[in-house]
Amino acid sequence: MGVAVGFVTTAYFFPNYLSTDTIGLFGLLLSWSLLFAQFSSLGFHGVTSRLFPYFRNKEKGHNGYLFIAFIVMLAGFLLFLVFFWFFRPYLVESNLEKSKLFADYIDLLIPLTLFALLFVQLDTFNKLLYNAVFGTFLQEFLQRVLIFTVTILFVFNVLNLHQLVLAYVIAVCAKTVVLIGYLLAKGEMNLKPQLTFVDPKLRKEMMSVAAYSILTGLGGSIVFNIDKILINQMLGLSATGVYTIAFFFGTLVIIPSRPLLRISGTLIAEAFKRNDFSYIADIYRRSCLNQFIIGAFLFGGIWINIDKILIILGPEYAGAKWVIFFIGLGYLIDMLTGANAHIIAYSKHYRVALYFLIGLIILVIAAILLLVPVWGITGAAVAIAASFAINNLLRFCFLKWKYNMQPFTVKMLVMAVVFLVSVAAATLLPTFSLIPDLIIRSIIFTLIFGVLTIRLNISEDVSNLFGEMIKKLFKL
Numbered sequence: 036m037g038v039a040v041g042f043v044t045t046a047y048f049f050p051n052y053l054s055t056d057t058i059g060l061f062g063l064l065l066s067w068s069l070l071f072a073q074f075s076s077l078g079f080h081g082v083t084s085r086l087f088p089y090f091r092n093k094e095k096g097h098n099g100y101l102f103i104a105f106i107v108m109l110a111g112f113l114l115f116l117v118f119f120w121f122f123r124p125y126l127v128e129s130n131l132e133k134s135k136l137f138a139d140y141i142d143l144l145i146p147l148t149l150f151a152l153l154f155v156q157l158d159t160f161n162k163l164l165y166n167a168v169f170g171t172f173l174q175e176f177l178q179r180v181l182i183f184t185v186t187i188l189f190v191f192n193v194l195n196l197h198q199l200v201l202a203y204v205i206a207v208c209a210k211t212v213v214l215i216g217y218l219l220a221k222g223e224m225n226l227k228p229q230l231t232f233v234d235p236k237l238r239k240e241m242m243s244v245a246a247y248s249i250l251t252g253l254g255g256s257i258v259f260n261i262d263k264i265l266i267n268q269m270l271g272l273s274a275t276g277v278y279t280i281a282f283f284f285g286t287l288v289i290i291p292s293r294p295l296l297r298i299s300g301t302l303i304a305e306a307f308k309r310n311d312f313s314y315i316a317d318i319y320r321r322s323c324l325n326q327f328i329i330g331a332f333l334f335g336g337i338w339i340n341i342d343k344i345l346i347i348l349g350p351e352y353a354g355a356k357w358v359i360f361f362i363g364l365g366y367l368i369d370m371l372t373g374a375n376a377h378i379i380a381y382s383k384h385y386r387v388a389l390y391f392l393i394g395l396i397i398l399v400i401a402a403i404l405l406l407v408p409v410w411g412i413t414g415a416a417v418a419i420a421a422s423f424a425i426n427n428l429l430r431f432c433f434l435k436w437k438y439n440m441q442p443f444t445v446k447m448l449v450m451a452v453v454f455l456v457s458v459a460a461a462t463l464l465p466t467f468s469l470i471p472d473l474i475i476r477s478i479i480f481t482l483i484f485g486v487l488t489i490r491l492n493i494s495e496d497v498s499n500l501f502g503e504m505i506k507k508l509f510k511l
């Protein structure tokens with residue numbers, strides 16, 4: 036549902052009613068705020084992920100964990116404000132010529148950073164309370180509905196451009212307010228201090244994990260946001276707007292993967308505590324196969340309709356075709372390798388993840404700086420795809436070396452053949468007018484892909500889910 040709402044907003048309303056500068060402004064504000072939020076967290080979301088189980092006790096208010104978390108976040112946000120005060124003049128000056136709109140609204144980074152900081156920490160906390168889906172619902176559905184709503188108000192001239200920008204920021208921040216209300220309603224927002232619970236050994240471990248998580252969190256944020264920032268600096272806000280729209284289509288591939296990996300991460304962490312390596316290997320194998328099926332279906336569905344998508348977007352987005360392809364391909368490769376990052380992150384070798392991340396940052400930045408001057412925004416997409424492929428290959432080799440885990444089976448090859456056959460069949464269809472073509476081509480692709488996947492029993496999980504859906508349908 037979130038994909039559907041986001042598709043209508045980003046594929047139709049944004050390109051047809053907003054300038055590329057405005058779209059670039061939205062993408063840039065989000066990228067900088069997420070980067071600043073990771074910096075402001077001081078690594079405490081990592082402490083939550085690894086050490087909150089030692090605090091968990093609802094009757095005792097989780098032993099004052101949220102009090103400590105909020106103190107750290109307050110300190111981090113104050114550091115951000117000091118940093119922003121000194122960094123702001125440079126950002127304004129460097130954007131006055133190519134990206135004046137961003138320079139005009141740069142102060143909106145303050146509330147966006149604060150609410151992003153709170154959301155990341157509280158969502159991680161809520162996930163560790165075994166509610167892995169609610170944060171995804173807020174991020175991928177509620178936020179998209181609110182952005183859709185404010186965009187509609189702009190389309191019907193209820194809001195002017197200035198009000199739209201402010202309303203967009205409110206829509207992005209709203210998920211944090213809802214999450215706080217949700218935790219309050221569940222009785223989980225206990226801010227009573229219990230500092231005596233943190234003994235010297237636990238304090239030392241928290242500081243160690245936080246220091247490590249500052250680097251990994253900031254590094255991860257750099258990887259997923261640096262492309263828009265560098266494109267803005269090199270090509271301007273309008274090119275950033277085109278890239279932002281194209282990037283959205285590429286990231287559609289990975290959206291269903293996020294809740295799966297959240298759940299997998301929690302199960303992997305528990306399995307490491309009981310040294311159940313066969314269970315971890317099973318999750319690794321199933322996550323690779325199931326995510327590949329989902330990713331291949333979405334990537335194929337986008338690519339068979341790419342020419343019609345570009346018609347809907349309009350002539351300004353003609354250069355987005357190969358950006359969509361390479362971003363989608365990069366995320367498909369990431370899904371193909373399953374929960375490898377989570378296994379490394381929750382293992383005793385978790386610090387090795389930092390080396391992989393540093394390598395990925397270097398790869399992404401170097402490739403973007405090298406390829407953008409040659410291929411423009413397509414160069415950035417190629418850089419992302421190539422960097423993801425190399426990084427995931429290294430993770431695969433590491434897990435094979437340390438734990439002898441190898442998740443790929445013959446079924447993966449069969450699935451690849453099903454994907455190619457489905458795409459080829461849909462591509463060879465004759466061309467129809469815009470909407471009928473989208474519908475007919477998508478139906479044919481879905482039928483061939485779905486029937487072959489189920490009939491060949493490529494994934495037990497997918498087949499069982501399909502069986503349950505059929506049973507419910509007959510009951511209805």
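One rule links them: number in my numbering = place in the sequence shown (from 1) + 35.
Positions of the beta carbon are idealized from the N, C-alpha and C atoms, including for glycine.
Which full runs of the alpha helix (DSSP H) of 4+ residues lie inside the region 187 to 242, going along the chain?
196 to 220
According to DSSP, is N92 part of a helix, a strand, or is it coil?
Within the sequence shown, numbered from 1, the residue matching residue 92 stands at position 57. Coil, per DSSP.
By how many angstroms is the C-alpha of L482 removed from the C-alpha of P465?
Indexing the sequence shown from 1 puts residue 465 at position 430. Indexing the sequence shown from 1 puts residue 482 at position 447. So the alpha carbons of these two residues sit roughly 17 Å apart.
Taking buried to mean at least 16 other C-beta atoms within 10 Å of its own C-beta, is T159 buried or exposed?
For the purposes of this step, residue 159 is identified with residue 124 of the sequence shown, where counting begins at 1. Classification of T159: buried, given that the 10 Å Cβ count is 16 or more.
Let me know if L63 comes out buried or exposed under the rule of 16 or more other beta-carbons within 10 Å of its beta-carbon.
Numbered from its first residue, the sequence shown carries residue 63 at position 28. Classification of L63: buried, given that the 10 Å Cβ count is 16 or more.
Within the region 70 to 134, note down every full beta strand (DSSP E) run reaching 3 residues or more, in order along the chain.
none
Cβ neighbours of R179 in the same chain (closer than 7 Å, five flanking residues each side left out)
Residue 179 sits at position 144 when you count from the first residue of the sequence shown. Within the same chain, G37, V40, G41 and T44 come within 7 Å of R179 by CB-CB distance, once the 5 residues on both sides are set aside.
Express the C-alpha separation of N375 and F334 in angstroms, rounding to a whole number.
In the sequence shown, the residue the question calls residue 334 occupies position 299. In the sequence shown, the residue the question calls residue 375 occupies position 340. Straight through space, the alpha carbons of N375 and F334 are spaced by roughly 21 Å.
Local conformation of A167 per DSSP, three classes
Position 132 of the sequence shown holds residue 167. Three-state DSSP puts A167 in coil, outside helix and strand.
Inter-residue Cα distance where the pair is N92 and G349
If you number the sequence shown from 1, residue 92 lands on position 57. If you number the sequence shown from 1, residue 349 lands on position 314. Cα atoms of N92 and G349: separation of roughly 55 Å, rounded to the nearest angstrom.
Got a sec, what are the start and stop residues for the alpha helix (DSSP H) A452 sits in?
By 1-based counting over the sequence shown, the position of residue 452 is 417. The sequence given here has Val at residue 452, not Ala. From DSSP, the alpha helix (DSSP H) with V452 extends over V445 to T462.
Does the contact criterion of 3 or more C-beta pairs under 8 Å hold for the region 141 to 156 versus the region 194 to 208?
yes
Buried or exposed: which applies to D142, given that a residue is buried once 16 or more other Cβ atoms fall within 10 Å of its Cβ?
Taking the first residue of the sequence shown as 1, we reach residue 142 at position 107. Counting Cβ neighbours within 10 Å, D142 comes out exposed, since fewer than 16 surround it.
Meets three-Cβ-pair contact criterion under 8 Å: the region 473 to 493 and the region 337 to 345
yes
In angstroms, rounded to a whole number, what distance separates the CA positions of K356 and L164?
Numbered from its first residue, the sequence shown carries residue 356 at position 321. Numbered from its first residue, the sequence shown carries residue 164 at position 129. So the two alpha carbons sit approximately 41 Å from each other.
Scan the region 370 to 428 and note each continuous alpha helix (DSSP H) run of 4 residues or more that stays entirely inside, going in chain order.
375 to 381 and 387 to 410
In or out: H377 buried (at least 16 other Cβ within 10 Å) or exposed?
Indexing the sequence shown from 1 puts residue 377 at position 342. With 16 or more Cβ atoms within 10 Å of its Cβ, H377 is classed as buried.
Rounded straight-line distance, which links the Cα of L253 to that of G81
In the sequence shown, the residue the question calls residue 81 occupies position 46. In the sequence shown, the residue the question calls residue 253 occupies position 218. Near 11 Å, if we compare the C-alpha coordinates of L253 and G81.
Quick one, which of Y278, I249 and T372 has its alpha-carbon nearest K263's?
Working through the sequence shown from its first residue, we reach residue 263 at position 228. Answer by Cα proximity: Y278.
Would Q19 be called buried (16 or more neighbouring beta carbons within 10 Å of its own) or exposed?
A question about residue 19 goes unanswered here, because the residues of the chain that appear run from 36 up to 511.
Assess contact between the region 433 to 441 and the region 405 to 414, defined as three or more Cβ pairs (one per stretch) separated by less than 8 Å. Is contact present?
Taking 8 Å as the limit for Cβ pairs, the verdict is that the region 405 to 414 does not touch the region 433 to 441.
Ordered along the chain, which non-local residues of its own chain (more than five positions away) have a Cβ less than 8 Å from that of A110?
Here residue 110 corresponds to residue number 75 of the sequence shown, with the count starting at 1. L77, listed in sequence order.
From the DSSP output, in three-state form, read off N439 for me.
Working through the sequence shown from its first residue, we reach residue 439 at position 404. N439 falls in the coil class under three-state DSSP.
Put M30 into one of helix, strand or coil per three-state DSSP.
Here the chain has residues from 36 to 511 only, and residue 30 is not among them.
Check this for me: beta carbons of F61 and Y247, under 8 Å apart or not?
Walking along the sequence shown from the start, residue 61 turns up at place 26. Walking along the sequence shown from the start, residue 247 turns up at place 212. Result no, Cβ atoms of F61 and Y247 do not sit closer than 8 Å.
Go through its chain and collect everything with a Cβ distance to L173's Cβ below 7 Å, but skip five positions before and after it.
On the sequence shown, residue 173 is found 138 positions in, with the first residue counted as 1. Within the same chain, K210, V213 and L214 come within 7 Å of L173 by CB-CB distance, once the 5 residues on both sides are set aside.
Whole-angstrom distance between N267 and M447, CA atom to CA atom:
In the sequence shown, residue 447 corresponds to position 412, counting from 1. In the sequence shown, residue 267 corresponds to position 232, counting from 1. Annotation: M447 to N267 spans about 39 Å, alpha carbon to alpha carbon.
Whole-angstrom C-beta distance between D56 and L136, which should lie under 8 Å
Reading the sequence shown from its first residue, position 101 is the one you call residue 136. Reading the sequence shown from its first residue, position 21 is the one you call residue 56. L136 to D56, Cβ: 5 Å. Contact.
The alpha helix (DSSP H) enclosing R476, as first and last residue numbers
In the sequence shown, residue 476 corresponds to position 441, counting from 1. L469 to R490 is the extent of the alpha helix (DSSP H) around R476.
Under the three-state DSSP convention, the category L181 falls into
Translated into positions along the sequence shown, residue 181 becomes position 146. Three-state DSSP puts L181 in a helix.
So, using beta-carbon positions, are F102 and K221 closer together than 8 Å?
Stepping through the sequence shown from its first residue, residue 102 is reached at position 67. Stepping through the sequence shown from its first residue, residue 221 is reached at position 186. No, they are not a contact pair.
Just how far apart, CA to CA, sit Y366 and F232?
Indexing the sequence shown from 1 puts residue 366 at position 331. Indexing the sequence shown from 1 puts residue 232 at position 197. Their Cα atoms are separated by approximately 42 Å.
Here's the rule: buried if 16 or more other CB atoms are within 10 angstroms of the residue's CB, otherwise exposed. What is D369?
Here residue 369 refers to the residue found at position 334 when the sequence shown is read from its first residue. D369 is buried by the Cβ-count criterion.
Is there contact here, the region 109 to 125 with the region 283 to 293, by at least three beta-carbon pairs under 8 Å?
no
State the CB to CB distance for the pair A306 and Y319, rounded to an integer number of angstroms; the pair is presumed to be in contact (CB under 8 Å).
On the sequence shown, position 271 is the one that residue 306 refers to. On the sequence shown, position 284 is the one that residue 319 refers to. That belief does not hold up - the Cβ atoms of A306 and Y319 are roughly 11 Å apart, past 8 Å.
Quick check on E128: buried or exposed, where buried means 16 or more other Cβ atoms within 10 Å of its Cβ?
Along the sequence shown, read from residue 1 onward, the residue named residue 128 stands at position 93. Exposed, since its Cβ has fewer than 16 Cβ neighbours within 10 Å.
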